[in-house]
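Structure first, then comments.
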Amino acid sequence: MDELLEILKKIKPGVDFEHETGLVEKRILDSMSIIRLVSALNNAFDIEIQVTDLVPENFESAASIMALVERLEDE
Amino acid sequence: MSITALSFVVFIFALLAIYYLLPKKFQWVVLLVASICFYIYGGFTTIIYVLISAACVFAATHLLQNQANKTKAFIKEHKAELTREEKKAVKQKSKQRRRLILTLAILFNLAFLGVFKYSHFFIDQFNAVLSIFHLAPVDNTFSLIVPLGISYYTLMAIGYMADVYWGKAQAQKNFLKVLLFISFFPQITQGPISEYNQLSGELFKEHQFTYDNFSRGFQRMLWGFFKKMVIADALAPYVTWITTYYDKFTGITCIVGALFYMFQLYADFSGYMDIMCGYCEMLDIRLAENFNRPYFSKSLSELWRRWHITLGAWLRTYVYYPIAMSKWNQTLSQKCKKPLGEYASGKIAATIPLLFVWFVIGFWHDASWAYILWGFGNAFVIILSEWLSPVYGRMKTALKIRENALPYRAFQCIRTFGIFTFLEIVAAVQVLGGNGYQYVWRAFTNHTLPRTLEELFPSVEGLGGQFLLMLLLAFFGLGLMFVFSLVQRKKPVRDYFNKIPLFLRIVIMVVTVLIIVSSGVQASWGAGAFMYANF
Numbered sequence: 001m002d003e004l005l006e007i008l009k010k011i012k013p014g015v016d017f018e019h020e021t022g023l024v025e026k027r028i029l030d031s032m033s034i035i036r037l038v039s040a041l042n043n044a045f046d047i048e049i050q051v052t053d054l055v056p057e058n059f060e061s062a063a064s065i066m067a068l069v070e071r072l073e074d075e
Numbered sequence: 001m002s003i004t005a006l007s008f009v010v011f012i013f014a015l016l017a018i019y020y021l022l023p024k025k026f027q028w029v030v031l032l033v034a035s036i037c038f039y040i041y042g043g044f045t046t047i048i049y050v051l052i053s054a055a056c057v058f059a060a061t062h063l064l065q066n067q068a069n070k071t072k073a074f075i076k077e078h079k080a081e082l083t084r085e086e087k088k089a090v091k092q093k094s095k096q097r098r099r100l101i102l103t104l105a106i107l108f109n110l111a112f113l114g115v116f117k118y119s120h121f122f123i124d125q126f127n128a129v130l131s132i133f134h135l136a137p138v139d140n141t142f143s144l145i146v147p148l149g150i151s152y153y154t155l156m157a158i159g160y161m162a163d164v165y166w167g168k169a170q171a172q173k174n175f176l177k178v179l180l181f182i183s184f185f186p187q188i189t190q191g192p193i194s195e196y197n198q199l200s201g202e203l204f205k206e207h208q209f210t211y212d213n214f215s216r217g218f219q220r221m222l223w224g225f226f227k228k229m230v231i232a233d234a235l236a237p238y239v240t241w242i243t244t245y246y247d248k249f250t251g252i253t254c255i256v257g258a259l260f261y262m263f264q265l266y267a268d269f270s271g272y273m274d275i276m277c278g279y280c281e282m283l284d285i286r287l288a289e290n291f292n293r294p295y296f297s298k299s300l301s302e303l304w305r306r307w308h309i310t311l312g313a314w315l316r317t318y319v320y321y322p323i324a325m326s327k328w329n330q331t332l333s334q335k336c337k338k339p340l341g342e343y344a345s346g347k348i349a350a351t352i353p354l355l356f357v358w359f360v361i362g363f364w365h366d367a368s369w370a371y372i373l374w375g376f377g378n379a380f381v382i383i384l385s386e387w388l389s390p391v392y393g394r395m396k397t398a399l400k401i402r403e404n405a406l407p408y409r410a411f412q413c414i415r416t417f418g419i420f421t422f423l424e425i426v427a428a429v430q431v432l433g434g435n436g437y438q439y440v441w442r443a444f445t446n447h448t449l450p451r452t453l454e455e456l457f458p459s460v461e462g463l464g465g466q467f468l469l470m471l472l473l474a475f476f477g478l479g480l481m482f483v484f485s486l487v488q489r490k491k492p493v494r495d496y497f498n499k500i501p502l503f504l505r506i507v508i509m510v511v512t513v514l515i516i517v518s519s520g521v522q523a524s525w526g527a528g529a530f531m532y533a534n535f
């Protein structure tokens, strides 16, 4: 989780990612930052996020992003 | 069939009666027959192209679904015998086959769009190359009957096929239902560009008549007609007059012309959406929304999330994400990491697909260099603001600007509207055969102040005093539109309207109908056609 929070803070500094639960809804993460995030996650966790994974539910909070990463690590 | 014509109004109300009188299970069939009638009215031949497109979509989605089902069944049957790697290989092979089917089907649909919408543009470019070598040009004077709504239904068809490919949607087994999805008449000429799962859910369920749907839908439709016929059509002759002969007018008149163009564009396009969304509400069908008070946006990227929403959403899902996530884009980002650093490489991975998306948006709007440049102009502003966002952040801190302060928000809205107006008016004047940059230059350098009202609002040739009267009505409409936009922030205007006593509501609606009908004379001015229908 710490590694993910590091990545998120690099992409959007100044956001309380530990507690924020509306990252997409509040447009803290827009499509451009999601692409940067995906690129960073693929590298850091050696996973392959697919286009079909790019749904708001997967990116609303640090917890939901972590759940996506863990699911893809298991596959 | 023009949707501002009396014949259209008769058509939709007759359809409404049949739709609710027949058994519910036939409601989608009624919509299909109505959509086919709508097409045939616009020219019999164009329905053939829609049928071919629907047949292609039907076949492709079936092949995609069968391939996916077969793979699933095979893996399930041989679960015990197959290793993890073997399962992966089977899935990969199936994916390759499905990708081939999808690619061929998309190319087939795009070929139609290319021939009908872009052949003149491509031949023009080819002739330009030929002229360099002093060779005779190819004939480009032929005319093609462009199938009604091809720009819209092609995108919907591609979206549906991609959804089946990704497993987001199930292939529809009934060809006629696919045909209805592609050709549903309320959205065929100007969108919204609906996703299959959303629209099919609405189209194929059974619908119950309710007074609430009927009255609220009618109110929205009436507001749409008002926006189109009282505001947009009254501004249209003035805007055409100024943007065509801008070199005769003062700078202030050019600015007024540009502002009117923006109001006309919004009233025209969103008016159409209100008419169709309102009508569909009367049918108990919810169409996707295409506007959310776009001129109150604080940045250009926000504006594009609130203007033609379904086009933006379509491009994000089916163009931006697939390109951004593609192996070559990710590899490029990786290669840039070492020389440029992590921040810049991440930005590059997000920016290159955006440039392509904006090229598509520009080219989709019009087969001209003016609109391709317009697309890149939008991209330039959006990318620059994204790349410079850390600098803006530091500037705001240094200047002690509070993000939520009303003056700052107002400044952001005005700035965004100004940029959007600049991009739009340049493209619009270029397409009319003028020079958009000269127009803008004149607007800001010709400081001659208009001495009379006539100089500020020059009468359009052939309209006389009637023009000023229509303009006054349009001003009243613009005022209403502004107030409604402010009210809409909290909840729909209709929620407030329906609290008024019934008698007063009826009087207001009757007066609105009378104003709309009396404004119908504008059709003789050459107005009446919808601006976005040309795209």
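Here the protein sequences line up with chains A and B, keeping their order. When we follow our numbering, the leftmost residue of the first sequence carries the number 1, and every step to the right adds one. When we follow our numbering, the leftmost residue of the second sequence carries the number 1, and every step to the right adds one. Note that CB positions come from ideal geometry on N, CA and C, so glycine has one too. Every value quoted in this text rests on a predicted model; they were computed, and no experiment measured them.
Chain-order list of residues whose beta-carbon lies under 7 Å from that of residue i (same chain, five-residue window excluded)
{"i": "B:Leu32", "result": "Leu176, Leu179, Leu180"}
{"i": "B:Ile323", "result": "Asn329, Pro353, Phe356"}
{"i": "B:Ala34", "result": "Leu15, Phe185"}
{"i": "B:Ile18", "result": "Val30"}
{"i": "B:Tyr279", "result": "Ile12, Pro186, Gly217, Met221"}
{"i": "B:Thr71", "result": "Val90, Lys91, Ser94"}
Chain A contact residues for residue i, given Cβ-Cβ distances below 8 Å
{"i": "B:Glu386", "result": "Met32"}
{"i": "B:Gln330", "result": "Ser39, Asn42"}
{"i": "B:Ala128", "result": "None at all; the shortest Cβ gap to chain A is about 35 Å."}
{"i": "B:Leu354", "result": "Met32"}
{"i": "B:Ser333", "result": "Ser39"}
{"i": "B:Ala349", "result": "Ile35, Arg36, Ser39"}
Neighbour-count burial assignment, residue i, 16 or more Cβ in a 10 Å radius
{"i": "B:Leu486", "result": "exposed"}
{"i": "B:Arg98", "result": "buried"}
{"i": "B:Asn109", "result": "buried"}
{"i": "B:Gly526", "result": "A caution first: B:Gly526 carries a pLDDT of 46, below 50, which makes its placement in the model too unreliable to give a value."}
{"i": "B:Ala282", "result": "It should be pointed out that residue 282 of chain B corresponds to Met in this sequence rather than to Ala. Buried, because 16 or more other Cβ atoms sit within 10 Å of the Cβ of B:Met282."}
{"i": "B:Tyr211", "result": "exposed"}
{"i": "B:Ile382", "result": "buried"}
{"i": "B:Gly251", "result": "buried"}
{"i": "B:Leu22", "result": "exposed"}
{"i": "B:Pro294", "result": "buried"}
{"i": "B:Thr189", "result": "buried"}
{"i": "B:Met276", "result": "buried"}
{"i": "B:Leu300", "result": "buried"}
{"i": "B:Tyr496", "result": "exposed"}
Cut-off 6 Å between Cβ atoms - residues of its own chain near residue i, not counting five sequence neighbours on either side
{"i": "B:Pro192", "result": "Leu287, Ala288, Asn290, Thr310"}
{"i": "B:Ala267", "result": "Lys227, Ile231, Ala232"}
{"i": "B:Asp274", "result": "Arg220, Trp223, Gly224"}
{"i": "B:Ile508", "result": "none"}
{"i": "B:Ser524", "result": "Because B:Ser524 sits at a pLDDT of 47, beneath the cut-off of 50, its placement in the model cannot be relied upon, and the point is left open."}
{"i": "A:Asp2", "result": "none"}
{"i": "B:Gln412", "result": "Lys298"}
{"i": "B:Ser448", "result": "Looking at the sequence shown, residue 448 of chain B is not Ser but Thr. If we look at B:Thr448 and ignore the five residues flanking it on each side, its Cβ neighbours are Thr250."}
{"i": "B:Thr470", "result": "First, the amino acid is wrong: residue 470 of chain B is Met here, not Thr. Cβ within range, chain order: Ala234."}
Neighbour list for residue i in chain A, Cβ cutoff strictly below 7 Å
{"i": "B:Ala324", "result": "Ile35"}
{"i": "B:Arg316", "result": "Ser31"}
Residue i: contacting residues in chain B (beta-carbon distance under 7 Å)
{"i": "A:Leu54", "result": "Tyr321"}
For residue j and residue i, believed in contact at Cβ under 8 Å, the rounded distance
{"i": "B:Lys168", "j": "B:Asn197", "result": "7 Å"}
{"i": "A:Ile11", "j": "A:Ala40", "result": "7 Å"}
{"i": "B:Phe121", "j": "B:Val138", "result": "About 13 Å separates the two Cβ atoms, so there is no contact after all."}
{"i": "B:Ala171", "j": "B:Thr331", "result": "Between B:Thr331 and B:Ala171 the Cβ distance is about 33 Å, and since that is not below 8 Å, they are no contact."}
{"i": "A:Leu4", "j": "A:Ile47", "result": "Not quite, the Cβ-Cβ distance comes to about 12 Å (not below 8 Å), so this is no contact."}
{"i": "B:Leu102", "j": "B:Leu64", "result": "7 Å"}
{"i": "B:Pro450", "j": "B:Thr253", "result": "6 Å"}
{"i": "B:Phe112", "j": "B:Thr45", "result": "Not confirmed; about 13 Å, so no contact."}
{"i": "B:Ala313", "j": "B:Ala370", "result": "Not quite, the Cβ-Cβ distance comes to about 25 Å (not below 8 Å), so this is no contact."}
{"i": "B:Phe540", "j": "B:Ile150", "result": "Chain B is shown from 1 up to 535; residue 540 of chain B falls before or after that span and cannot be answered."}
Own chain residues within Cβ distance below 8 Å of residue i, not counting five before or after
{"i": "B:Leu203", "result": "Trp28, Leu31, Lys177, Leu180, Phe181, Phe184, Ile285"}
{"i": "B:Val57", "result": "Ala105, Asn109, Ala157, Tyr160, Met161, Val178, Ile182"}
Cross-chain neighbours of residue i in chain B, by beta carbon under 8 Å
{"i": "A:Val69", "result": "Near A:Val69 there are no residues of chain B at all, since even the closest Cβ is about 16 Å away, more than 8 Å."}
Interface residues of chain A facing residue i [CB-CB closer than 9 Å]
{"i": "B:Trp166", "result": "Gln50, Val51, Thr52"}
{"i": "B:Ser183", "result": "Chain A residues near B:Ser183: none, gap ~28 Å exceeds 9 Å."}
If you scan the region 28 to 99 of chain B from start to end, which runs of the alpha helix (DSSP H) of 4 or more residues do you find wholly inside it?
Taking only runs of at least 4 residues, the alpha helix (DSSP H) segments lying wholly in the region 28 to 99 of chain B are 44 to 77.
Taking the runs of the alpha helix (DSSP H) that are 4 residues or longer, which of them lie wholly in the region 175 to 229 of chain B?
If we require 4 residues or more, the alpha helix (DSSP H) runs fully inside the region 175 to 229 of chain B come out as 175 to 183, 185 to 188, 196 to 203, 211 to 225.
Please give me, in chain order, every unbroken run of the beta strand (DSSP E) with length at least 3 that falls completely inside the region 309 to 392 of chain B.
Taken in chain order, the region 309 to 392 of chain B contains no complete beta strand (DSSP E) segment of 3 residues or longer.
Just list the alpha helix (DSSP H) runs in the region 20 to 64 of chain A, keeping only unbroken ones of 4 residues or longer that don't cross its boundaries, in chain order.
Listed in chain order, the complete alpha helix (DSSP H) runs (minimum 4 residues) inside the region 20 to 64 of chain A are 31 to 45, 56 to 59.
Near-chain C residues of the region 25 to 54 of chain B (beta-carbon distance less than 9 Å), N- to C-terminal order
Among the protein chains in the structure shown, which are A and B, there is no chain C.
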